[in-house]
Amino acid sequence: MPESTLVAKHYTHGSLVDAISRGIQAIGKTADTVDIDDLGPVDEFHIGGRIATASFLDQLDIDPAHHVLDVGCGLGGASRFAANKYGCRVTGVDLTQEYVDTGNVICQWLGLDEKINLESEDATQLPHPDETFERAYMLHVGMNIAEKQSLANELYRVIRSGGRLGIYDVMRVGDGELTFPVPWASEPRGSSVDPIEIYKSALKAAGFNILAERNRRDFALEFFAQLKSKAASADGPPPLGLHLLMGSTAAAKIGNMIENISRNVVAPVEIVAEKAV
Ligand SMILES: C[S@@+](CC[C@H](N)C(=O)[O-])C[C@H]1O[C@@H](n2cnc3c(N)ncnc32)[C@H](O)[C@@H]1O
856 MPESTLVAKH
866 YTHGSLVDAI
876 SRGIQAIGKT
886 ADTVDIDDLG
896 PVDEFHIGGR
906 IATASFLDQL
916 DIDPAHHVLD
926 VGCGLGGASR
936 FAANKYGCRV
946 TGVDLTQEYV
956 DTGNVICQWL
966 GLDEKINLES
976 EDATQLPHPD
986 ETFERAYMLH
996 VGMNIAEKQS
1006 LANELYRVIR
1016 SGGRLGIYDV
1026 MRVGDGELTF
1036 PVPWASEPRG
1046 SSVDPIEIYK
1056 SALKAAGFNI
1066 LAERNRRDFA
1076 LEFFAQLKSK
1086 AASADGPPPL
1096 GLHLLMGSTA
1106 AAKIGNMIEN
1116 ISRNVVAPVE
1126 IVAEKAV
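Numbering (the working numbering), first residue to last: 856 to 1132.
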């Protein structure tokens, strides 16, 4: 099975708009009254959710004139956060058609569909002309992409000179086998976790200069401990949460991530890079 089919199959839920609509109803809201903060716990599918996004995107110096690319946007939670906070225009691309469709529905609910367009595309073969975007970022996507060099080359091509790229991915930080399932793959076949050095050498070979890197290990362990305790509470997980995306194996995925990070096999790491003028 090609990597792209495997990825889309892994993430496809089947009735995500309905599941999120039920969650919205359970918190006493409707599609007309739900806001960006209500949706953060379900539409930001990466370690640390909205808190991680805010601190990560602040390093990219985004301004209202920018056209920003959200690479592997998923449901577009970070796209909406960026458009709302910085006033920029955002294009999101993702392989999973259901995420793109659901994300565009949510943009309409929130009145952000003029500023944001989510498209069904492969990040390694983008349809956009050279130098389309002032900024690009990627949140927890590279773990599904084996060809890091093709990815880096393609991102370099679509970013303008002087533009910035931010990556926040789960990366290999030590030896040892990963325990599966994890949120991005049910088994090793769907996983392409690489060390930070591979990312950095692909980015440098594409032409980027590396500006910063940050390991978010402790923050990640705290995030998963909170997720685990919410899921185990007497009331069960909250109506809107990542369990809606991770399905019946959510508890195993959370437990395995706590283990994989605690054993120092992987950690979420940020890299900020620049395409020189
Ligand atoms: C863990 S989710 C993260 C989604 C989103 N970035 C977020 O943080 O909420 C990974 C996403 O990457 C997408 N993806 C994986 N490989 C991709 C590729 N080659 N091109 C575009 N999207 C891809 C998947 O479809 C999935 O939506």
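Cβ atoms here follow ideal geometry from the backbone N, Cα and C, with glycine treated the same way.
Owing to the predicted nature of the structure, the values given are computational and were not obtained by experimental measurement.
Per DSSP, residue 896 is one residue of the alpha helix (DSSP H) stretching across 891 to 898. Residue 1119 places its beta carbon 7 Å or farther from that of residue 997. When the alpha-carbon of residue 918 is set against those of 1096, 1057, 883, 1019, the nearest one is in 1019.
The beta-carbon distance between residue 1123 and residue 1087, rounded to whole angstroms, is 23 Å. This is too long to meet the 8 Å contact definition. In the three-state reduction of the DSSP assignment, residue 1079 falls in the helix class, which pools H, G and I. Apart from sequence neighbours up to five positions away, the residues of its chain that approach residue 955 with a beta-carbon distance below 6 Å are 949, 973, 975, ordered along the chain.
With respect to residue 994, residue 1115 sits apart: the two C-beta atoms are not nearer than 7 Å.
Secondary structure note for residue 1098: its alpha helix (DSSP H) is the uninterrupted segment 1098 to 1101. DSSP places residue 862 inside the alpha helix (DSSP H), whose first and last residues are 858 to 866.
Per DSSP, the continuous alpha helix (DSSP H) segment holding residue 873 begins and ends at 871 to 881. Nearest C-alpha to residue 1129 among 989, 1002, 1090: 989. Assigned with DSSP and collapsed to three states, residue 999 falls in helix. Separation of residue 868 and residue 965 (C-alpha to C-alpha, rounded to the nearest whole angstrom) is 22 Å. Only exposed fits residue 856, as fewer than 16 other CB atoms lie within 10 angstroms of its CB. Burial state of residue 984 is exposed, judged by a 10 Å Cβ sphere holding fewer than 16 other Cβ atoms.
The DSSP-derived three-state label of residue 1071 is coil.
With a 10 Å radius around the Cβ and a threshold of 16 neighbouring Cβ atoms, residue 920 comes out exposed. Shown here, residue 1046 sits in coil according to DSSP, grouped into three states, outside any helix or strand. Taking 7 Å as the cut-off, the beta carbon of residue 1099 is found closer than this to the beta carbon of residue 874. For residue 1130, the enclosing beta strand (DSSP E) begins and ends at 1121 to 1130. Exposed is the label assigned to residue 882, since fewer than 16 other Cβ atoms lie within 10 Å of its Cβ.
The beta carbon of residue 871 sits closer than 7 Å to those of 953, 957, all from its chain and outside the five residues before and after it, given in chain order. According to the DSSP secondary-structure assignment, residue 922 is paired through a beta bridge with 944. Excluding its 5 nearest sequence neighbours in each direction, residue 898 has C-beta neighbours in its own chain below 6 Å: 930, 932, listed in chain order. Bridge pairing for residue 1021: 992, 1127 [DSSP].
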